[in-house]
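Shown next, in structure tokens, is the structure this report addresses.
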Amino acid sequence: MASAASNIPGPARHDSQGIPMHAPGRRLTTATNPHKDIHPVPEKSHVGPDIEAYKAAHSDTVGPHSDAWWAQQARDNLTWIKDFSIVRTGGFPSAEELKEDNPNPPSTLPITWFPDGALNACYNCVDRHAFKNPDLTAIIYEADEPGEHQYITYGMLLNEVCRVANVLKDMGVKKGDTVTIYLPMTWQAAAAFLACARIGAIHSAVFAGFSAESLRDRILDCGSTVLITADEGRRGGRSVATKVIADQALKECGDANPVKHVLVLSRTGSKTVAEQHFTPGRDVWWHEAVSNVPSYCPPEVMNSEDGLFILYTSGSTGKPKGILHTTGGYLLGALLTVKYVFDVHPGDKFACMADIGWITGHTYIIYGPLSLGTTTTFFESTPVYPSPSRYWETVSKHGLTQFYSSPTAVRLLRKLGHQHVQDHDLSSLRVLGSVGEPINPEAWNWFNEHVGKGECAIVDTFWQTETGSIIVTPLPGAIETKPGSATVPFFGIETEIVDSMSGKTLEGDNIEGVLCIKKPWPSIARTIWGDHKRFVDTYLRPYPGYYFTGDGAGRDEHGYIWIKGRVDDVINVSGHRMSTAEVESALLLHNGVAETAVIGTSDEMTGQAVNAFVTMKPEFSYDSAIEPALIKELVLQVRKIIGPFAAPKRIFIVTDLPKTRSGKIIRRILRKIVAGEGDQLGDLSSVAEPEVVDVIKQKVADSMSA
């Protein structure tokens, strides 16, 4: 694809000042980067010229006059029904404001962006592009079977969205109501999201790999009266019993079940579902419902701070947190990060290989690309079905220009060999992205050499469900990259490395601490659904005056940020975050389990893996002969209660756990033992029964060698 001048904001202007040069190649070294190299801006990218231009542009987005920059970006990039006069209010509370006796607690001092403005997210993602160019492809739907794909135009998408919106209105859904979406990776999921946004309903999407129990909990928490699901899903050549799981979830809601209507997409045409898992009067087929309503539905006028969606993420207490994102700020953050992080221009074909059940799918499959008016991709399959060439066949077939995937997928494909890449035309690619967890340098270099051919920009992005959009990232053409480093803050983000014990900001370079953000940005989550105190306690109270990411981080001598991983009790497996408490709770439901401790350990393929230590009740008799069957039973229990991605890689059945004299389990010891560092346990004076440690070390050694 021919290069075009970039629209990255320059130091002197805040609209579309181009920075068309690229930085010269040069090699630097860093003490914190084991691979030493800084990768120069690739020739093929066309943004730039260098980090100094980035710094000048970034200062406009965080300085004392930054409101003017954000106001112009909001007006230039979004369509407003009612213009705003206020750019933002609120901030992160100080220690004084967080005091229990404060008459104006943080809950009364909300963070807002463009609070007196009004717009509609669906109109911004669909209507305005459909009116301008109805035949432009909005969605490339790459189905599970490689020979099946569809191109959905903006005109087609508008028609489907309006019809689904009218169906929801007929079901009694009103502005401010919640709708739960439990759909596989079909393009109609975008229509479901946007139909909710169109009528002002707040959607709560649940990953279709979650169990009935997980779906039940989320439905009950947000009180949805409508569930949108499918007969079945397809993934990796197999069918997924989506409707059966949904029915089980609704059954488990019992008398508290708020769902009155279920809209069912016929993905596979399953006769079994149609005949045995369809409840007349409650369940309605999608295709029948949309054919009986008008083809146009006017968009609801939404305040910028009205809720757009709830997305549940793991919490350290074990109870999932319903993260609430609002309309104007979130949409602007999604749009700008697609535009600048991925250097998107008219005619591009953007591909994020995530699932719509996660924040990455919300922001970089649906809202970001579509608000920008570009072509987005729905990929229903897996990287290895029917062969490890599937990703690259998809890139070549559709001429994709940006490719955003996870380190887990990259590591898997690297392991399977570059021969699966080399026979495919990947010349359309300009930007490669990584998301979900830090990418190790070996995978980064393989991605660069074999997929990008050394010519594509690689953006190793850091962000979270709570941040809404990318907050630390390289910018193609402006930031030279280092394998494993997320590099620099995005526009509007002021990062600080804070000492975890004192809470003091660490100055200078070559430092490590916890990553915090100084000031609110547009797409930050506003609250936890129904529990704002938990929001404050989780993100704002740990380090007053800052937003706490929960991640450790370092800053090297060139000012680049290195994400070190979670410092709380959250495990990240292939980009799927879950709390140790969730997994422990699932294991404790077994009638023989007395106590359990779950830890995350490094894993070559998935980034982290779940490891569990379990003690059994005295009355539960078992011996070594049945231990393998018992472990299998426990793994299946976690899969059933949480989902397959949470299944422990290893379960160690032990007689006791290392504890302090007050009874607290010392997980640090367990982590070191599993990591093969049993000889580096340090001071064990706090362990109530030190002999337990030796028993566990032997158990782990025996299990590892078996």
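So in full-length UniProt numbering, the last spot in the sequence shown is 706, and the numbers never skip. Glycine is no exception: its CB is placed at the ideal position from the N, C-alpha and C atoms.
C-alpha of residue 331 to C-alpha of residue 170: approximately 27 Å in a straight line.
Pairwise C-beta distances place the segment 614-622 out of contact with the segment 638-647, as fewer than three of them are shorter than 8 Å. Just so you know, the alpha carbons of residue 613 and residue 581 end up roughly 13 Å apart. If you draw a 10 Å sphere on the C-beta of residue 142, you find 16 or more other C-beta atoms in it, and that means buried. Bridge partners of residue 404 according to DSSP: 352, 433.
Boundaries around residue 321 are those of the beta strand (DSSP E), 321-326, since no alpha helix (DSSP H) includes it. Taking C-beta atoms under 8 Å as the contact rule, residue 219 and residue 258 qualify, at a distance of about 7 Å.
Within the same chain, 178, 179, 180, 204, 258, 259 come within 7 Å of residue 224 by CB-CB distance, once the 5 residues on both sides are set aside. With a beta-carbon spacing of about 6 Å, residue 246 and residue 182 fall inside the 8 Å limit used to define contacts. Exclusion of the five residues before and after residue 242 leaves 182, 183, 184, 208, 229, 230, 231, 232, 233, 267 as the residues of its chain whose Cβ lies within less than 8 Å of its Cβ. When the five nearest sequence neighbours on each side are left out, the beta carbons in the same chain lying within less than 6 Å of the beta carbon of residue 426 are those of 395, in order along the chain. Apart from the 5 residues on each side of it in sequence, residue 436 sits with its Cβ closer than 6 Å to the Cβ of 406, 575 in its chain, given in chain order. Of the candidates 121, 348, 206, 513, 513 places its Cα closest to the Cα of residue 502. Contact annotation: residue 490 and residue 511 have beta-carbon atoms that are not nearer than 7 Å. Residues 210, 211, 213, 214, 578, 582, 583, 586 of the same chain have their beta carbon placed closer than 8 Å to that of residue 642, with the five preceding and five following residues left out of the count. A residue is called buried when at least 16 other Cβ atoms come within 10 angstroms of its Cβ; residue 679 does not meet this threshold and is exposed.
For residue 391, there is no enclosing beta strand (DSSP E); the residue is found in the alpha helix (DSSP H) stretching over 390-398. Judged by beta-carbon spacing, residue 175 lies beyond the 7 Å limit of residue 305, meaning their Cβ atoms are not closer than that value.
Secondary structure note for residue 312: its beta strand (DSSP E) is the uninterrupted segment 307-313.
As the crow flies, the alpha-carbon of residue 322 is around 7 Å from that of residue 313. Going by DSSP, residue 264 is part of the beta strand (DSSP E) stretching over 261-265. Judged by DSSP secondary structure, residue 446 falls outside any beta strand (DSSP E) and instead within the alpha helix (DSSP H) spanning 441-446. Annotation: residue 545 is outside any alpha helix (DSSP H) and is labelled neither H nor E by DSSP. Within the UniProt domain "AMP-binding enzyme C-terminal" (582-664), the complete beta strand (DSSP E) segments at least 3 residues long are 593-603, 607-616, 650-653, listed from N- to C-terminus.
Contact check between the segment 94-106 and the segment 543-553: three or more CB pairs, one atom from each, fall below 8 Å, which counts as touching. By alpha-carbon distance to residue 482, the top candidate from 500, 468, 441, 658 is 441. In this chain, the alpha helix (DSSP H) harbouring residue 77 covers 66-77. Counting of Cβ neighbours within 10 angstroms places residue 355 among the buried residues, the total reaching 16 or more.
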